[in-house]
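Scroll down for the structure; my scribbles are underneath it.
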Amino acid sequence: MSISAAGRVVLITGAAMGMGRLYAERAVRGGAAAVVLWDLNAEALEETAGQLRERGSSAIHPYAVDVASLADITAAAERVGREVGIPDILINNAGIVRGKYFWEHDPEADIDAVMQVNTLAPMQVTRAFLPGMIERRTPARILNVASASGTLSVPKMSVYTASKWAVIGWSDSMRLELDESGNGHVAVTTLIPSYIKTGMFEGARGPLLTPLMEPEYVVDKAWEALLAGKPRLQLPWTVALGSALRNVLPQPAWDVVAGRVFKVYQSMDHFTGRKPETSAAGEGARS
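Positions 0 to 286 (numbering that gives the first Met the number 0) are the ones given, in order, by the sequence shown.
Set out below in structure tokens:
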């Protein structure tokens, strides 16, 4: 069953810039009663909130939250519950990336940070709000932003890839748990996109037949899938093709196809990423 955002409460993590801001714009355009913005970058968050207030009648509620911190998540969730209410629509969009060989990752600044923001944060944010969404018994939606790299192995993305593999497994398992327990009014959608034209993946190159996608296109498709309660959305079509080929081909054959034909294994060779002064854990552009 498809729902509308009109009159509902929408919460978005990584909402200050990139795709998070685009999701917020869609919520305002859809007539949401309230749009809750979470991001670590307080300055960008306030700027985005101001712009959104000029675009519609939705009440905009910005919260500076470090989603890598369980204490921050817990405190912010309690505030949202008191000041706004339990979200009807939750978009776990926040994400960060590190593009380097595994042994070059710093144990805390890279490995811990990526796993905290990309994997544990969506779980903890959802855990904070899901009991209320279940108890209310009205239609609710959760969008978990994963990645095509969560379905394939990609050099110079080992930790990021691991974080997104975990998101896919958790998100779809939770969807089944909700259905099995008679709580299907809370529908879970897992978004699995390839590279998107945002600063987060600056320098990355799309594999063969998989051009970098416009963020507006991805958000439009994800928004439709979210409201419809679609279990999974893979963009573009080559993501599903790649997953299918990987599952049927012997590993040596797949390595040739992925590395030499589709150039998946070379997609991060020229990665530079977003400039440090504009990036922030939880800003979530392409995941």
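Every residue, glycine too, gets a C-beta built ideally from N, C-alpha and C.
{"Query": "Residue span of the beta strand (DSSP E) that contains ILE59, given as start and end", "Result": "58 to 63"}
{"Query": "Between the CA atoms of ARG245 and LEU10 - distance to the nearest angstrom", "Result": "35 Å"}
{"Query": "contact_flag[the stretch 0 to 15, the stretch 32 to 44] where n(CB pairs < 8 Å) is 3 or more", "Result": "yes"}
{"Query": "Residue nearest to GLN93 in terms of C-alpha spacing, selected from GLN250, MET114, LEU51, ALA108", "Result": "Inspection of the sequence shows that residue 93 is occupied by Ala rather than by Gln. It is MET114."}
{"Query": "Sub-9 Å separation of PRO214 and THR189 beta-carbons", "Result": "no"}
{"Query": "Which residues DSSP lists as bridging PRO230, in chain order", "Result": "None, per the DSSP bridge assignment."}
{"Query": "Backbone secondary structure at ASP105 - three-state DSSP", "Result": "coil"}
{"Query": "Range covered by the alpha helix (DSSP H) that runs through ASN143", "Result": "Where ASN143 is concerned, there is no enclosing alpha helix (DSSP H), although the beta strand (DSSP E) it sits in stretches over 139 to 144."}
{"Query": "Residue(s) in a DSSP beta bridge with ILE85", "Result": "Bridge partners of ILE85: none, in fact."}
{"Query": "Extent of the continuous beta strand (DSSP E) run through ASP111", "Result": "Where ASP111 is concerned, there is no enclosing beta strand (DSSP E), given that its DSSP letter is neither H nor E."}
{"Query": "Cα-Cα separation between GLN250 and SER146, rounded to whole angstroms", "Result": "21 Å"}
{"Query": "Among ALA31, ARG140, ILE167, LEU69, the one whose alpha carbon lies nearest that of HIS60", "Result": "ALA31"}
{"Query": "Contact between the stretch 118 to 135 and the stretch 77 to 97 (3+ Cβ pairs under 8 Å)", "Result": "yes"}
{"Query": "Pair within 9 Å by beta-carbon distance, VAL217 and PRO192", "Result": "yes"}
{"Query": "ALA5 to ALA26 span [Cα, whole Å]", "Result": "8 Å"}
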